[in-house]
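Q:
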Ligand code: HEC
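Residue numbers (my numbering): 799 to 983.
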């Protein structure tokens, strides 16, 4: 009897540990893409495993663009519950060329070719104070289609900041474009 009870308790402890562990290390594990000095790699599997937060269509006379923002698994649910992004959350904004045609829906535009990827990694702990690509609670990175694994940004202040100031009050993220950060009606 006692041994059965202790087995049940042990089983509960193990299950509890596994579920907490999958939340803390399994889900918000963006630092697996960051080396000791803060160099960021692009997550190779984001199309397989990441969540789509939202899409922007940008009309540009030199070529229209489609921007798709993906986030690491669990990012939207955590944001809906806590009103902020979890430490270790990764965002990938994929920028693509577009095509368009008259289709049965109307003048339809669709994404048709890679241009570049912007990556952000949430950092609550100011882990890399001497790395210019870590600032304002995020790590910032850029990868271009001609060398998709080569990080080419040099500093947040020169390469990213001025364009993200309008989103400063929402932790530098353009949350208005991401419907899944709110609960469905
Ligand atoms: C030309 C202005 C501009 C520059 C430069 C820029 N961004 Fe952005 N970024 C935006 C805008 C505007 C959005 C959202 C709307 C859109 O994509 O059109 C955005 C969105 C993003 C997103 C999706 C999450 C979010 O904030 O909505 C990521 C990730 C991102 N940018 C990373 C970066 C990084 C990293 C850099 C620097 C290496 C950078 N950006 C430089 C303007 C810019």
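Even glycine gets a Cβ: it sits at the ideal position worked out from N, Cα and C. Every value quoted in this text rests on a predicted model; they were computed, and no experiment measured them.
Where do the ends of the beta strand (DSSP E) carrying residue 884 lie?
A: Position 86 of the chain shown, counted from the first residue, corresponds to residue 884. Counting along the chain, residue 884 falls outside any beta strand (DSSP E), and DSSP gives it neither H nor E.
Q: Report the rounded CA-to-CA distance for residue 964 versus residue 954, giving the unit in angstroms.
A: Indexing the chain shown from 1 puts residue 964 at position 166. Indexing the chain shown from 1 puts residue 954 at position 156. Taking the straight line joining both Cα atoms gives about 15 Å.
Q: Return the first residue and the last residue of the alpha helix (DSSP H) that residue 920 is part of.
A: Stepping through the chain shown from its first residue, residue 920 is reached at position 122. Not the alpha helix (DSSP H): residue 920 falls in the beta strand (DSSP E), residues 904-920.
Q: I need the DSSP call for residue 926, collapsed to helix, strand or coil.
A: Within the chain shown, the letter at position 128 stands for residue 926. Residue 926: coil per DSSP, three-state reduction.
Q: Between the stretch 885-896 and the stretch 909-921, are three or more C-beta pairs nearer than 8 Å?
A: Yes: the two stretches touch, three or more of their Cβ pairs being nearer than 8 Å.
Q: Taking DSSP as the reference, what is the three-state secondary structure of residue 835?
A: On the chain shown, position 37 is the one that residue 835 refers to. Residue 835 falls in the coil class under three-state DSSP.
Q: Could you tell me the alpha carbon to alpha carbon distance between residue 883 and residue 829, rounded to whole angstroms?
A: Working through the chain shown from its first residue, we reach residue 883 at position 85. Working through the chain shown from its first residue, we reach residue 829 at position 31. The straight-line gap from Cα to Cα measures roughly 14 Å.
Q: Express the C-alpha separation of residue 938 and residue 911 in angstroms, rounding to a whole number.
A: Looking up residue 911 in the chain shown gives position 113. Looking up residue 938 in the chain shown gives position 140. Looking at the two C-alpha atoms, the distance is approximately 23 Å.
Q: Is residue 946 helix, strand or coil when you go by DSSP?
A: Here residue 946 refers to the residue found at position 148 of the chain shown. DSSP places residue 946 in strand when its eight states are reduced to three.
Q: Report whether the distance from the Cβ of residue 919 to the nearest heavy atom of the ligand HEC is below 6 Å.
A: As a working mapping, residue 919 is identified with position 121 in the chain shown. Not so, every heavy atom of the ligand HEC lies at least 6 Å from the Cβ.
Q: By the DSSP assignment, the beta strand (DSSP E) with residue 867 in it spans what residues?
A: Taking the first residue of the chain shown as position 1, residue 867 is located at position 69. First-last of the beta strand (DSSP E) with residue 867: 863-869.
Q: Considering only their Cβ atoms, is the gap separating residue 863 from residue 893 smaller than 7 Å?
A: The residue labelled residue 893 in the question sits at position 95 within the chain shown. The residue labelled residue 863 in the question sits at position 65 within the chain shown. Yes, the Cβ-Cβ distance between residue 893 and residue 863 is below 7 Å.
Q: Which class does residue 931 belong to by DSSP, given the choice of helix, strand or coil?
A: Reading the chain shown from its first residue, position 133 is the one you call residue 931. Correct three-state label for residue 931: coil.
Q: Let me check you understand the geometry: is the CB of residue 968 closer than 6 Å to at least one non-hydrogen atom of the ligand HEC?
A: Taking the first residue of the chain shown as 1, we reach residue 968 at position 170. Not under cutoff, so the answer is no.
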